[in-house]
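As structure tokens, the structure follows; a few thoughts come after it.
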Amino acid sequence: MDTKKHVDGLIRKLTAKEIDRRQFMMSAVATGMSVSAATALASKAEAATPKRGGHITMGKGHGSTTDTLDPGLYENGFTLGMTFGFNGYLTEVGADGAVHPSVAESWEASSDAATWTFKLRKGVEFHNGKSVTAEDVVASINHHRGEDSTSAAKPLVDAVTDVKADGDNVVISLSAGNADFPYIVTDYHIPVQPAKDGKMNWEPGVGCGPYEMTHFDPGVSAEFKRHGNHWNSDVAHFDSAQILTLTDPNARTAALVSGDCDAIDRVDLKTAGLLGRKPGVNIHSVAGTKHYTFPMRCDVAPFDNVNVRRALKHAVRRDELVEKILFGYGEVGNDVPIGSGQRFFNSEMPQTSYDPDKAKYFLKQAGMSSLSVELSASDAAFPGAVDAAVLIQNSAKDCGIDVNVVREPNDGYWSDVWMNKGWSACYWGGRPVEDMMFSTAYQSGVAWNDTFWSNARFDELLVAARAELDENKRREMYYEMQVILNEDGGALIPFFASYVFAINDGVGHSDTFASNWDLDGERWMERWWKA
857 MDTKKHVDGL
867 IRKLTAKEID
877 RRQFMMSAVA
887 TGMSVSAATA
897 LASKAEAATP
907 KRGGHITMGK
917 GHGSTTDTLD
927 PGLYENGFTL
937 GMTFGFNGYL
947 TEVGADGAVH
957 PSVAESWEAS
967 SDAATWTFKL
977 RKGVEFHNGK
987 SVTAEDVVAS
997 INHHRGEDST
1007 SAAKPLVDAV
1017 TDVKADGDNV
1027 VISLSAGNAD
1037 FPYIVTDYHI
1047 PVQPAKDGKM
1057 NWEPGVGCGP
1067 YEMTHFDPGV
1077 SAEFKRHGNH
1087 WNSDVAHFDS
1097 AQILTLTDPN
1107 ARTAALVSGD
1117 CDAIDRVDLK
1127 TAGLLGRKPG
1137 VNIHSVAGTK
1147 HYTFPMRCDV
1157 APFDNVNVRR
1167 ALKHAVRRDE
1177 LVEKILFGYG
1187 EVGNDVPIGS
1197 GQRFFNSEMP
1207 QTSYDPDKAK
1217 YFLKQAGMSS
1227 LSVELSASDA
1237 AFPGAVDAAV
1247 LIQNSAKDCG
1257 IDVNVVREPN
1267 DGYWSDVWMN
1277 KGWSACYWGG
1287 RPVEDMMFST
1297 AYQSGVAWND
1307 TFWSNARFDE
1317 LLVAARAELD
1327 ENKRREMYYE
1337 MQVILNEDGG
1347 ALIPFFASYV
1357 FAINDGVGHS
1367 DTFASNWDLD
1377 GERWMERWWK
1387 A
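If you count the sequence shown from 1, you need to add 856 to reach my numbering.
Structure below.
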């Protein structure tokens, strides 16, 4: 008998409650294991078994008084965690990075991937007791379509030419094939919400997710209780949950240590090691697609000159930012929003490096001997954003570039600074597939193109790659798009950051965290439990 395989099977059965602790102990000891070893394994397995009950309070380094319940306008980690708590989606990204069924129990595509049919799961209901219908899904998707839509997801559904209900099915027609469309509808802006007079009725805050929202105070807090009739009995273990906006890292840390919060995101990396040594506190670091950026508006001077943009990209010591801002919790970026672990990351592209001579060369090509620019930053953009801006200021001096760092207030940063000032700090959680990231922030004219950049060849490749089913051809297109962004784009992307968060001993979770967003793919509310 393979003892290890047998014991692993016993652990799985105990975790799944197929056997009780007594049966586990008897079977484990029968393999020759000591009673103390079997007891330790049983305790560990039981700790990893989700339990119902209790409350969780999450401290988030996000949130603004301008936050809204309109899902098309969700724009930060607070609203992201909030929506995955009370909203349901056709599909979802699992901890394994694959797309999984949710409100839709299955889907199939036409041979050209231009028509997708989603079969809705029976028994899914909204928090007001109304059953979810195909008409609700149609209205929810159409909320992001049309010329008048202000949704950040508009570019993701621009290719949708028709959405119609067909019994329990929703049939979505696209102008061209999209092999990644089941991923597209995982986007946090595209939940399934009730229809009213043919339109999405988002104002009441009624969803079909695992929790019901009971309170929402933008920029302050949101509160939830478990939805008793959620279709999936394997999620939503807490009785209730709360999200607090704590943009100040010291306040977040203090709230965790004092017990006012059970978990926090955006751990202050300067003190992460010290915090992790405190009894009852566990630090987790997960590498993913999150990247910190400094978008330059390509529609205003001097950033409308590509050579100015190139000069600034060579004026940054990227290794220094990883070391001093991320404290090693990340890796150098190459001015593209695709992480090194993603399927079509261009590993063949030369790394843009700190090079004062090249920076001066590009300034000369722009007709300048020197340059003076303002860089707006706030730690609302990302922890250490102001310090990162100061490091850029220092490294740029030897390149003939004077960077004036403007420290902006945290509150209102996303509404008043980002996409308004010429050069600012920003963060992106990334997207599970390349097309989603490019379509959301780099396609010409889309709502969240924070560099206001436009490139005809890039747009052409974006459409072609989206419909291409040949993996090798698709890779060639995405590689070329990354080269275009690196050389011509307006986003300085000097580093990718790992998700670093802290959880106290009172919260249980699986051994594997999702990496598509922070905090277990921001599905902590439904995946974790009271230990």
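Ideal placement from N, C-alpha and C gives every residue a C-beta, glycine not left out.
Close Cβ partners of residue i (< 6 Å) along its chain, the five nearest in sequence each way excluded
i, result
"L925", "W1058 and G1061"
"D1361", "G1136"
"L1100", "G915 and S1077"
"Q1249", "V1259 and V1261"
"G888", "none"
"T859", "T887"
Residue of the options minimising C-alpha distance to residue i
i, options, result
"Y1185", "G1377, F1352 and N1260", "F1352"
"V1192", "R1165, S1226, T1149 and L1219", "T1149"
"K1010", "H1086, Q1299 and I875", "Q1299"
"N1161", "R1174, Q1098, T1208 and L1227", "L1227"
"R1199", "M1381, V1091, E1327 and R908", "E1327"
"S1196", "W1309, Y1335 and N1106", "Y1335"
"T1042", "G1189, L1131 and G950", "G950"
"P1265", "W1274, N1138 and W1385", "W1274"
"E991", "P957, N1202 and A1051", "A1051"
"D1306", "Y1283, A1323 and N1106", "Y1283"
"S1029", "H1093, N998 and T1127", "N998"
"A1015", "G1033, G1023, D1024 and D1022", "G1033"
"H1086", "P1047, S1234 and G985", "G985"
"W1385", "C1064, D858, V994 and V1091", "V1091"
"I1359", "S1251, V1229, W1270 and G1115", "G1115"
"E1187", "N1025, P1350 and S1225", "P1350"
"Y1210", "L1182, A1233 and L1177", "L1177"
"L1247", "D1175, S1271, D1124 and T1208", "D1175"
"G1223", "A1167, P1212 and F1183", "A1167"
Start-to-end residues for the beta strand (DSSP E) that takes in residue i
i, result
"I1028", "N1025 to L1030"
"G917", "Note, G917: premise wrong, no beta strand (DSSP E); not H, not E."
"D1018", "V1016 to D1022"
"W1284", "C1282 to W1284"
"T1149", "H1147 to P1151"
"W972", "T971 to L976"
"Y1067", "Y1067 to D1073"
"F1352", "A1347 to A1353"
"T947", "T947 to V949"
"W1058", "Per DSSP, W1058 belongs to no beta strand (DSSP E) and is neither H nor E."
"L1227", "L1227 to A1233"
Pair within 8 Å by beta-carbon distance, residue i and residue j
i, j, result
"T1103", "G917", "yes"
"A1215", "H1170", "yes"
"Y945", "V959", "yes"
"S892", "L866", "no"
"V1261", "L1231", "yes"
"T973", "E961", "no"
"H1365", "D1095", "no"
"L976", "V993", "yes"
"A1281", "F1238", "yes"
"R1330", "A1321", "yes"
"V1142", "Y1355", "yes"
"R1357", "I1120", "Per the sequence shown, residue 1357 should be read as Phe rather than Arg. The answer is yes: Cβ separation under 8 Å."
Residue environment, residue i, which counts as buried when at least 16 other CB atoms sit within 10 Å
i, result
"A1244", "buried"
"D1118", "buried"
"G1377", "buried"
"G937", "buried"
"G1240", "buried"
"K1253", "exposed"
"K1146", "buried"
"V1156", "exposed"
"G979", "exposed"
"S1371", "buried"
"V1289", "buried"
"T935", "buried"
"N1106", "exposed"
"L1348", "buried"
"Q1049", "buried"
"S890", "exposed"
"N1088", "exposed"
Cβ neighbours of residue i in the same chain (closer than 7 Å, five flanking residues each side left out)
i, result
"E1068", "F942, H983, F1080, K1081 and H1083"
"F1159", "M1152, R1153, R1165, G1278, W1279 and G1346"
"Q1338", "V1192, I1194, N1202 and M1205"
Host alpha helix (DSSP H) of residue i (start-end)
i, result
"D1374", "D1374 to G1377"
"R878", "R877 to A886"
"A1167", "V1162 to K1169"
"G1186", "No alpha helix (DSSP H) holds G1186; the beta strand (DSSP E) holding it covers G1186 to V1188."
Beta-carbon proximity list for residue i, same chain, < 8 Å, skipping 5 on both sides
i, result
"A811", "No answer is possible for residue 811: it lies beyond the span of the chain, which begins at 857 and ends at 1387."
Contact test: residue i Cβ vs the ligand ZN heavy atom, cutoff 7 Å
i, result
"K1081", "Questions concerning the ligand ZN fall outside what the structure shown contains, since it holds no ligand whatsoever."
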